[in-house]
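Heads up, the thing below is written out as structure tokens.
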Amino acid sequence: TLLPSPLLIMVASSRSYADFTPEKVDLHRLEEGPPLTATLTREEGLKYYRTMQTIRRMELKADQLYKQKIIRGFCHLYDGQEACAVGIEGGITLSDHLITAYRAHGYTLTRGGTVREIMAELTGRRGGIAKGKGGSMHMYTKNFYGGNGIVGAQVPLGAGVALACKYLGNDQLCVSLYGDGAANQGQIFETYNMSSLWKLPIIFICENNQYGMGTSVERSSASTEYYKRGDYIPGLRVDGMDVLCVREATKFAADHCRSGKGPILMELQTYRYHGHSMSDPGVSYRTREEIQEVRSKSDPISMLKDRMLSNNMASIEELKEIDIAVRKEIEDAAQFATTDPEPPLDDLCSHIFANDQPFEVRGATPWTKLTSTS
Amino acid sequence: WKFLPSPQRNSGALLAGRPVNVRDALNQAMDEELERDERVFLLGEEVAQYDGAYKVSRGLWKKYGDKRIIDTPITEMGFAGIAVGAAFAGLRPICEFMTWNFSMQAIDQVINSAAKTYYMSAGAQPVPIVFRGPNGSSAGVAAQHSQCFAAWYGHCPGLKVVSPWNSEDARGLLKAAIRDDNPVVFLENELMYGVPFDLSEDVLQKDFVVPIGKAKVERRGTHITLVSHSRCVGFCLDAASVLAKEGVECEVVNLRTIRPLDVDTIEASVMKTGHLVTVEGGWPQYGVGAEICARVMEGPAFNYLDAPAVRVTGVDIPMPYAKILEDHSVPQIKDIIFSVKKVLNM
Numbered sequence: 001t002l003l004p005s006p007l008l009i010m011v012a013s014s015r016s017y018a019d020f021t022p023e024k025v026d027l028h029r030l031e032e033g034p035p036l037t038a039t040l041t042r043e044e045g046l047k048y049y050r051t052m053q054t055i056r057r058m059e060l061k062a063d064q065l066y067k068q069k070i071i072r073g074f075c076h077l078y079d080g081q082e083a084c085a086v087g088i089e090g091g092i093t094l095s096d097h098l099i100t101a102y103r104a105h106g107y108t109l110t111r112g113g114t115v116r117e118i119m120a121e122l123t124g125r126r127g128g129i130a131k132g133k134g135g136s137m138h139m140y141t142k143n144f145y146g147g148n149g150i151v152g153a154q155v156p157l158g159a160g161v162a163l164a165c166k167y168l169g170n171d172q173l174c175v176s177l178y179g180d181g182a183a184n185q186g187q188i189f190e191t192y193n194m195s196s197l198w199k200l201p202i203i204f205i206c207e208n209n210q211y212g213m214g215t216s217v218e219r220s221s222a223s224t225e226y227y228k229r230g231d232y233i234p235g236l237r238v239d240g241m242d243v244l245c246v247r248e249a250t251k252f253a254a255d256h257c258r259s260g261k262g263p264i265l266m267e268l269q270t271y272r273y274h275g276h277s278m279s280d281p282g283v284s285y286r287t288r289e290e291i292q293e294v295r296s297k298s299d300p301i302s303m304l305k306d307r308m309l310s311n312n313m314a315s316i317e318e319l320k321e322i323d324i325a326v327r328k329e330i331e332d333a334a335q336f337a338t339t340d341p342e343p344p345l346d347d348l349c350s351h352i353f354a355n356d357q358p359f360e361v362r363g364a365t366p367w368t369k370l371t372s373t374s
Numbered sequence: 001w002k003f004l005p006s007p008q009r010n011s012g013a014l015l016a017g018r019p020v021n022v023r024d025a026l027n028q029a030m031d032e033e034l035e036r037d038e039r040v041f042l043l044g045e046e047v048a049q050y051d052g053a054y055k056v057s058r059g060l061w062k063k064y065g066d067k068r069i070i071d072t073p074i075t076e077m078g079f080a081g082i083a084v085g086a087a088f089a090g091l092r093p094i095c096e097f098m099t100w101n102f103s104m105q106a107i108d109q110v111i112n113s114a115a116k117t118y119y120m121s122a123g124a125q126p127v128p129i130v131f132r133g134p135n136g137s138s139a140g141v142a143a144q145h146s147q148c149f150a151a152w153y154g155h156c157p158g159l160k161v162v163s164p165w166n167s168e169d170a171r172g173l174l175k176a177a178i179r180d181d182n183p184v185v186f187l188e189n190e191l192m193y194g195v196p197f198d199l200s201e202d203v204l205q206k207d208f209v210v211p212i213g214k215a216k217v218e219r220r221g222t223h224i225t226l227v228s229h230s231r232c233v234g235f236c237l238d239a240a241s242v243l244a245k246e247g248v249e250c251e252v253v254n255l256r257t258i259r260p261l262d263v264d265t266i267e268a269s270v271m272k273t274g275h276l277v278t279v280e281g282g283w284p285q286y287g288v289g290a291e292i293c294a295r296v297m298e299g300p301a302f303n304y305l306d307a308p309a310v311r312v313t314g315v316d317i318p319m320p321y322a323k324i325l326e327d328h329s330v331p332q333i334k335d336i337i338f339s340v341k342k343v344l345n346m
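Structural data, given as structure tokens:
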């Protein structure tokens, strides 16, 4: 079906749910913020739709595989928050850098990973993005530094990456993400301080999904205005369920960084459908009604879909075709992830040191001598 | 062949060299590596404009400026994380802890962010970083400023842990550490900073490195092996001089590296002497000496032991302040002599 592909003016943020009603961008120490209108091309729309749908389906497949005990350990799913990862990537380039915490599958994808290698990592196979050595929380791609398991530790790491960008003079920046739970970590405030002193090109992004594990923001934080917590750092808060809002805010933040003004802080108000992880049903600290309300009123994929349809940017059939293609991609990836062999035992001790001679590693007994290679 | 002890402890170097103290050896090593590779930089508290809390980085800020010698606020967890992130992104940071006691605030970044990342990423993300600073007991600085971290960091795969004794060690190991593409924990000793040693021309070459993971036999002997690291190596040599007068010839092994431990050198020595005493400043439980004894038990050298291997260590208490108490909290030369005689049944 051929459709005209007009440039379209979209209005940012016009939905509400649960506890808050963002109708505009909230600013902190900023005279002006990102534009309240944004242009979405058909091509961009289809790309964002496909990527968000891919993340959604991938996470739901991971849920399935986890319940079948094919994925084990920790598995923190990202469904509901797709607009954040996709919108952020829309505001930067792949030569910029990004680091996040453990809810990282979506970012691994937007930063260049494939569904195949992400899923095979979750199932612990040799074809996994970290060869089965890392698991859900430790996936890396070029200019993507994981995947970090210790709450808050990724934020100073991100500032270090930003320091390298400034040191090397390459006009790149680093996006450093953390959640509402991590936002109270001392090391984040240490990082605010040093990033500001040294004017590092870092965008701090708080993905506020309202709950740090089972603790709501009201119970964890004396101030829930996370975009203001950087104090002397300019901040903005936008609707994290709206991929265009996220993109425009990110572009604005990136310009701020690249112009040498130093750090900036973005709060994205978002929501996760799953519990904290697969071992958390997610309904002991919030109501099913709340989850359902977000799904029906603020789902990021539905919102984009409705906008594209109502503005004649795509047809229902076209989007259905994308859905089918995505489903197939996920099925193929799951097939790979469940049939690829586990890593060879020879790999057990490898990758301890980079660029080193092979060396002996003590096994479980004094007679078990293993070898580590780089 | 007997070792001829010289008043200046020149570690067997018979060539005339200029005496260089450990502080200056570290300073020169950093200077040369900063010059050699633009990606190397130093950060920590007071390293720049103060010339270093212990003057180890004297002159470097003046020479290299703000970009490469960075004063940090007193926020160890934050700046250690920043240093690791910079290493992720291709720089080669030297992260100074004013003393290793303060590294406890940042230990998560050292272990979880630095040591484990190459493994977790299956080789995608190397971490070429050096963490350095003074370790272990000093003089009169009391309990919170006197802990030895050799065993703590030596426990963890993914780290290399070195503990130099003299100026040659300091210079060569620091160069090796900076050139290594992996996280290195570099344990200095404040009381050694001012001690001079002769350095030969070879050692003063710009590309001189001491290989990480190789111990050095500082004194050859036949009756008993003393294995030690850092300042205690000097005590072992002093004890060996005293014992030599009674006809006991000690072989003194300077570990130089805590992890990976050079078990081969230790075993070869024990297989020759049949007796082992380890000497360290740290606490006994789960320490460096404990590891050495366990390894000797598990390997070929056990069959050559004529007596159980024993450890001389710091006393198992937090470090007290009063001088008389502090003196009795750390291994003294007489403790080493006493232990040697006990092991040799003298």
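Chains A and B, in that order, are what the protein sequence lines are.
The numbering of the first sequence is UniProt numbering, which starts it at 1 and goes up by one.
The numbering of the second sequence is UniProt numbering, which starts it at 1 and goes up by one.
Each residue gets a CB set at the ideal place from its N, CA and C atoms; glycine is no exception.
The alpha-carbon of B:P308 is positioned some 51 Å away from that of A:S279. Taking 7 Å as the cut-off, the beta carbon of B:T72 is found closer than this to the beta carbon of B:E45. The beta carbon of B:T278 sits closer than 6 Å to the beta carbons of V227, G289, I292 and R311 from its chain, once the five residues preceding and following it are set aside; these are given in chain order. Rounded to whole angstroms, the gap between the alpha carbons of A:R116 and A:Y49 is 19 Å.
Under DSSP, A:C174 shares a beta bridge with A:H97 and A:I202. In the same chain as A:A104, and ignoring 5 residues on each side of it, the C-beta atoms closer than 7 Å to its own belong to M137, M139, G146 and G147, in chain order.
Residue environment for A:S223: exposed (fewer than 16 other C-beta atoms within 10 angstroms of its C-beta). Taking 4 residues as the minimum length, the alpha helix (DSSP H) runs contained wholly in the region 246-296 of chain B are 263-273, in order along the chain.
Against chain A, the CB of B:E298 has a partner CB under 7 Å away; the residue lies at that interface. By the CB criterion at 7 Å, A:G134 and B:M120 fall inside the cutoff. Short of 6 Å from the beta carbon of B:V184, and not among the five residues preceding or following it, lie these beta carbons of its own chain, in chain order: V130, K160 and A177. Not a single CB atom of chain B sits nearer than 7 Å to the CB of A:T123.
In chain B, no part has a C-beta under 7 Å from the C-beta of A:K369; the shortest such distance is about 11 Å. In the DSSP assignment, A:L197 falls within the alpha helix (DSSP H) that extends over G186 to L197. Residue B:F149 holds the alpha-carbon nearest to the alpha-carbon of B:Q285 among B:D31, B:C95, B:V233 and B:F149. Under the Cβ criterion of 7 Å, A:T114 is not counted among the residues facing chain B. Within chain B, the residues whose beta carbon sits less than 8 Å from that of A:S374 are G123, listed in sequence order.
The closest CA to that of B:K272, considering only B:W165, B:V253 and B:W283, is found on B:V253.
For B:V84, the residues of chain A that pass the 7 Å Cβ criterion are L157 and G160, in the order they occur in the chain. Assignment of beta strand (DSSP E) within the region 301-325 of chain B, counting only whole runs of 3 or more residues, yields 310-312 in chain order. Beta bridge pairing from DSSP links A:Q269 with A:N208 and A:D239.
Residue state for B:L204 is assigned as coil, using DSSP reduced to three classes. Measuring C-alpha to C-alpha distances from B:L173 to each of B:T257, B:G314 and B:G81 identifies B:T257 as the nearest. The Cβ of A:H76 sits no closer than 7 Å to any Cβ of chain B. Shortest Cα-Cα distance from A:L157 to any of A:G124, A:M194, A:T114 and A:R125 involves A:M194. CA-to-CA, the gap between B:L305 and B:H275 works out to about 6 Å. Inter-residue distance for B:K55 and B:N21 is about 12 Å (C-alpha atoms, whole angstroms). In this structure, DSSP gives A:A38 an extended state, which the three-state scheme calls strand. Judged by pairs of C-beta atoms under 8 Å, the region 97-111 of chain A does not touch the region 312-326 of chain A, as fewer than three such pairs exist. Within the model, the alpha-carbon separation for B:V248 versus B:E218 is close to 16 Å. Assigned with DSSP and collapsed to three states, B:D198 falls in strand. Around A:N184, no beta-carbon contact reaches into chain B at under 7 Å, the shortest distance being about 14 Å. Taking a C-beta distance under 7 Å as the contact criterion, A:G179 and A:E207 qualify as a contact pair.
When the five nearest sequence neighbours on each side are left out, the beta carbons in the same chain lying within less than 7 Å of the beta carbon of A:S350 are those of S372 and T373, in order along the chain.
Membership of A:S220 in any beta strand (DSSP E) is not indicated; the residue belongs instead to the alpha helix (DSSP H) covering V217 to S220.
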